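Participant:
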Ligand code: PHE
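Residue numbers (my numbering): 7 to 455.
1) Taking 8 Å as the cut-off, does the stretch 292–300 touch the stretch 58–67 (at least 3 CB pairs, one atom from each stretch)?
2) Does the beta-carbon of residue 31, which I'm using as the reference point, lie nearer than 7 Å to any heavy atom of the ligand PHE?
3) Determine the DSSP secondary structure at residue 426, reduced to helix, strand or coil.
4) What are the partner residues of residue 374, as DSSP defines its beta bridges?
5) DSSP three-state label for residue 9, please.
6) Could you pull out every residue in the same chain whose Cβ sits closer than 7 Å to the Cβ of residue 122, ignoring the five residues on either side in sequence?
7) Can you name, in chain order, every residue of its own chain whose Cβ lies under 7 Å from the Cβ of residue 439, other than the five neighbours on each side?
8) Hey, could you find the ends of the alpha helix (DSSP H) residue 318 is sitting in?
9) Any chance the stretch 140–154 sits against the stretch 101–121, with 3 or more Cβ pairs inside 8 Å?
10) Out of 229, 305, 153 and 246, which one is the CA nearest neighbour of residue 29?
11) Just mark residue 182 as buried or exposed, buried being the case when its beta carbon has 16 or more other beta carbons within 10 Å.
12) Less than 7 Å between the CB of residue 360 and some heavy atom of the ligand PHE, yes or no?
13) If you pair each beta-carbon of the stretch 236–243 with each one of the stretch 89–106, do three or more pairs fall below 8 Å?
14) To the nearest angstrom, how far is it from the Cα of residue 421 to the Cα of residue 73?
15) Taking 7 Å as the line, does the beta carbon of residue 385 fall inside it for any heavy atom of the ligand PHE?
16) Whose C-beta lies closer than 6 Å to the C-beta of residue 96 among residues of the same chain, with five residues either side of it excluded?
17) Using alpha carbons as the reference points, say which of 412, 446 and 54 lies closest to residue 435.
18) Just to confirm the assignment, what range does the alpha helix (DSSP H) spanning residue 71 have?
19) Using the three-state DSSP reduction, which class does residue 87 fall into: helix, strand or coil?
20) Below 8 Å on the Cβ atoms is my guess for residue 81 versus residue 339; work out the distance and round it to an integer in Å.
21) Tell me whether the stretch 183–200 and the stretch 272–282 touch, counting them as touching only if at least three CB pairs, one residue from each stretch, are closer than 8 Å.
22) Do residue 244 and residue 449 have their C-beta atoms within less than 8 Å of each other?
23) Just mark residue 286 as buried or exposed, buried being the case when its beta carbon has 16 or more other beta carbons within 10 Å.
24) Say the cut is 7 Å; is the CB of residue 28 nearer than that to a heavy atom of the ligand PHE?
25) At what residues does the alpha helix (DSSP H) containing residue 414 begin and finish?
26) Using only the heavy atoms of the ligand PHE, determine whether one of them is closer than 7 Å to the beta carbon of residue 54.
27) Determine, using beta carbons only, whether residue 110 and residue 362 come nearer to each other than 8 Å.
28) Going straight from the alpha carbon of residue 186 to that of residue 443, what length do you get?
29) I need the boundaries of the alpha helix (DSSP H) containing residue 136, first residue and last residue.
30) Taking buried to mean at least 16 other C-beta atoms within 10 Å of its own C-beta, is residue 92 buried or exposed?
31) Starting from residue 404, trace the alpha helix (DSSP H) in both directions and tell me its first and last residue.
32) Counting pairs of Cβ atoms below 8 Å between the stretch 205–223 and the stretch 42–52, do you hit three or more?
33) Quick one: does the C-beta of residue 182 sit closer than 7 Å to a heavy atom of the ligand NAD?
34) Does DSSP classify residue 120 as helix, strand or coil?
35) How big is the Cα-Cα spacing for residue 350 and residue 336?
36) For residue 53 versus residue 324, is the C-beta spacing smaller than 8 Å?
What follows is the structure in structure tokens.
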């Protein structure tokens with residue numbers, strides 16, 4: 007390539023940007039609500055199984071494709087095997103559709119942040135009031151749309167500052183703080199009356215609650231949370247340096263991401279059981295639950311200001327990674343300047359996000375297969391497109407990609423002795439495709455366990 011591409015610094019930076027993409031609303035907003043809908047403990051067990059058997063191999067496959075080619079997802083597949091470019095397009099489409107609802111939820115976090123700063127959050131005194139306020143806000147035709155637009159513009163500004171400066175710096179500072187904050191909140195939540203009930207819900211598997219949908223939801227949540235199956239990690243790893251140790255990066259990202267999700271569950275479920283909210287309340291769960299915990303704390307609005315600010319940043323490091331997939335694609339494949347590419351992405355995704363925000367209120371009668379725009383974007387991406395992307399990624403890495411390329415990247419150009427390499431190949435060739443396919447077929451009712 008004639009033009010010099012941006013690249014990321016040392017090992018820490020690679021872990022941090024990748025974890026910045028992975029850790030986000032998927033961990034704190036989506037994980038608790040999906041786990042709650044699927045009965046808690048059994049879901050967690052299946053989810054961890056999905057992370058280990060599907061998540062790690064697919065993440066390593068994406069890292070390999072990205073770092074080997076140093077290209078955006080479409081360009082990467084095109085240069086390795088032209089017929090597989092469709093995987094790159096799947097990546098662009100999935101990123102677009104995810105941003106279509108992710109910007110909306112990110113906007114909600116921004117609203118909760120401003121309500122915390124203004125002190126209005128102190129009026130959220132009971133779970134009924136919290137639920138009413140949340141419903142009134144999210145169905146309003148104006149306010150959530152404005153927050154959605156502000157959030158999209160924030161993302162745009164960071165993308166426009168450039169890959170290295172913008173992404174690296176913002177990821178670096180905030181992860182450790184988020185972590186500590188979650189631990190403090192988890193301690194507070196568990197000590198609330200009846201709080202232990204919540205831990206029991208999260209950690210005691212009740213397999214009688216497991217259905218075909220539980221497997222699909224767990225698999226979808228694993229892909230969504232790790233930002234895999236849509237070439238996001240391909241795009242990011244295309245900026246990794248040749249010194250980056252891909253295996254360590256992957257293990258660190260997976261560990262951090264899973265830990266944050268479990269910690270979020272340890273905050274949310276004790277509160278859910280303590281104040282009497284239904285664990286099955288869906289996407290509103292976190293927003294209705296969290297104010298209740300701040301209300302029990304001295305300086306509640308201050309705590310909630312810090313927390314929602316961190317959540318805004320966690321969401322932002324994820325939206326920039328999604329935005330970057332599309333911007334890098336337009337910039338490199340369509341030869342647009344980064345600036346024009348970034349504007350096009352911002353405008354198109356914002357329009358979609360506004361429509362999906364309105365679909366919770368004034369446009370709620372408009373349904374696609376029984377779901378409003380917001381819910382259908384969430385379902386189609388997490389439960390269909392990402393696992394499908396993961397299915398083809400594992401087939402590509404296991405059967406099509408030159409074995410030496412895989413070995414070379416995974417072993418860090420021979421510097422790491424690859425004891426686990428054989429296992430990875432077996433997972434990519436057989437375990438991932440078969441498992442992914444079975445979960446799909448099982449869900450379509452084609453066979454029963
Ligand atoms: N993994 C992010 C989260 O958990 C969401 C995301 C999905 C980001 C796919 C990028 C790509 O919030």
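Glycine residues also receive a C-beta, built at the ideal position from the N, C-alpha and C atoms. Note that the structure is predicted; figures quoted are calculated from it, not measured.
Facilitator: Put simply:
1) Three or more beta-carbon pairs separated by less than 8 Å are not found between the stretch 58–67 and the stretch 292–300, which leaves the two stretches without contact.
2) yes
3) coil
4) In the DSSP output, where bridge partners are listed per residue, residue 374 has 377.
5) At residue 9 the pLDDT is 49, less than 50, meaning the model places this residue with poor confidence; the figure from the coordinates comes in the next sentence. The answer is coil: DSSP assigns residue 9 none of H, G, I, E or B.
6) 307, 310, 311 and 314.
7) 397, 400 and 401
8) It spans 306–339 - the alpha helix (DSSP H) in which residue 318 sits, taken as one unbroken run.
9) yes
10) 229
11) exposed
12) Flag unset: Cβ of residue 360 not near the ligand PHE.
13) yes
14) Across the structure, residue 421 and residue 73 are spaced so that their CA atoms are roughly 16 Å apart.
15) no
16) 395, listed in sequence order.
17) Residue 435 has its Cα closest to that of 412, out of 412, 446 and 54.
18) 62–75
19) coil
20) Contact between residue 81 and residue 339 holds, since their C-beta atoms are separated by about 6 Å, short of 8 Å.
21) They touch, by the three-pair rule.
22) no
23) exposed
24) With a cutoff of 7 Å, residue 28 counts as near the ligand PHE, since its C-beta is closer than that to a heavy atom of the ligand.
25) Unbroken alpha helix (DSSP H) run through residue 414: 409–416.
26) no
27) When the beta-carbon positions are compared, residue 110 and residue 362 come within less than 8 Å of each other.
28) When rounded, the distance between both Cα atoms is 38 Å.
29) 133–145
30) exposed
31) Following the DSSP letters along the chain, one finds residue 404 in no alpha helix (DSSP H), marked with neither H nor E.
32) yes
33) The ligand content of the structure shown is limited to the ligand PHE, which means the ligand NAD is not among them.
34) helix
35) 9 Å
36) No. Outside cutoff.
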